[in-house]
Amino acid sequence: MAPITPDLQNTQEDIKNVIQDLFQILVQVSNYDSGGRSSREPLAQDILALSQSLYQVHQAATLLPPQSNKGIPEPLISYVENGRNPDIYTREFVELVRRMNQLARGKMHAFRDFRDTLAAELARQMPELSDDVRRVCEATGGGGVADDEQQQQQQQAQGLMMNGDRGQSQERGGQQGQVGNGDANVGR
Numbered sequence: 001m002a003p004i005t006p007d008l009q010n011t012q013e014d015i016k017n018v019i020q021d022l023f024q025i026l027v028q029v030s031n032y033d034s035g036g037r038s039s040r041e042p043l044a045q046d047i048l049a050l051s052q053s054l055y056q057v058h059q060a061a062t063l064l065p066p067q068s069n070k071g072i073p074e075p076l077i078s079y080v081e082n083g084r085n086p087d088i089y090t091r092e093f094v095e096l097v098r099r100m101n102q103l104a105r106g107k108m109h110a111f112r113d114f115r116d117t118l119a120a121e122l123a124r125q126m127p128e129l130s131d132d133v134r135r136v137c138e139a140t141g142g143g144g145v146a147d148d149e150q151q152q153q154q155q156q157a158q159g160l161m162m163n164g165d166r167g168q169s170q171e172r173g174g175q176q177g178q179v180g181n182g183d184a185n186v187g188r
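Numbered per UniProt numbering, the sequence shown spans residues 1 to 188.
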């Protein structure tokens, strides 16, 4: 929570005065000419007091530092004004930021992989450009072309190790499917 400064304390007091003046006007309006006596003058005085209180709030608010206005995001204020829980807003905001970060991270990895693949292919297809390709890769945060090829081989090896059991079962399933298809053709 923001620290309460003397300027902020004065502004809070001025706002309380405005609320009190509005209450006084409410009382005056509800009793206007109901007692047979003139209520015009007290009502006019209360309206002038409200005007003076609003002016004091404006003066006190201009003395507040500008960063105090930026402490709470505007969407959060409207969220609370609509009667919703600010914790839900915070949770939704965190989830949105997390999704955006995941998307940005995915894009970064995709571009990095594209850069590495393109560099490897350029170096393989045009060996005379391999020094330039290596310089560009190093300047953009990647390793050399040889490093890229080694990384790709390691990734492929890891992929085979991770999919070893699945790959064998798929091969068996593929063989069974072929046998089944062959039997079906024989029967026709």
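Cβ coordinates follow ideal geometry from the N, Cα and C atoms, glycine included.
Would you mind reading off the limits of the alpha helix (DSSP H) that contains residue i?
| i | result |
| --- | --- |
| Asn-10 | 6-30 |
| Met-126 | Segment: none, Met-126 is in no alpha helix (DSSP H) and carries neither H nor E. |
| Asp-46 | 40-63 |
| Asp-131 | 130-139 |
| Ile-77 | 74-81 |
Please classify residue i: is it buried, with 16 or more other beta-carbons within 10 angstroms of its beta-carbon, or exposed?
| i | result |
| --- | --- |
| Val-29 | exposed |
| Val-97 | exposed |
| Val-57 | buried |
| Asp-46 | buried |
Which same chain residues end up closer than 8 Å to residue i when comparing Cβ atoms and leaving out the 5 residues on each side of it in sequence?
| i | result |
| --- | --- |
| residue 199 | Because the chain is modelled from 1 through 188, residue 199 falls outside the range shown and cannot be assessed. |
| Pro-86 | Leu-76, Tyr-79, Val-80 |
| Leu-22 | Leu-50 |
| Ile-15 | Val-57 |
| Val-136 | Ala-119 |
Please return the same chain residues whose Cβ sits closer than 7 Å to the Cβ of residue i, not counting the five positions on each side in sequence.
| i | result |
| --- | --- |
| Leu-64 | Asp-7, Leu-8, Thr-11 |
| Asn-185 | In this predicted model, Asn-185 has a pLDDT of only 45, less than 50, meaning its place in the structure is not dependable; the value taken from the coordinates is given anyway. Here the set comprises nothing. |
| Ala-61 | Thr-11 |
Return yes when at least one heavy atom of the ligand NAP lies under 8 Å from the C-beta of residue i, else no.
| i | result |
| --- | --- |
| Ile-19 | Judged by which ligands are present, the structure shown has none, so any question about the ligand NAP falls away. |
Residue i CB to nearest chain B CB: under 9 Å?
| i | result |
| --- | --- |
| Gly-142 | Annotation note: the requested chain B is absent from the structure, which comprises a single protein chain. |
Go through its chain and collect everything with a Cβ distance to residue i's Cβ below 6 Å, but skip five positions before and after it.
| i | result |
| --- | --- |
| Asp-33 | Ser-39 |
Can at least three beta-carbon pairs, one atom from the segment 99-119 and one from the segment 127-142, be found at a separation below 8 Å? yes
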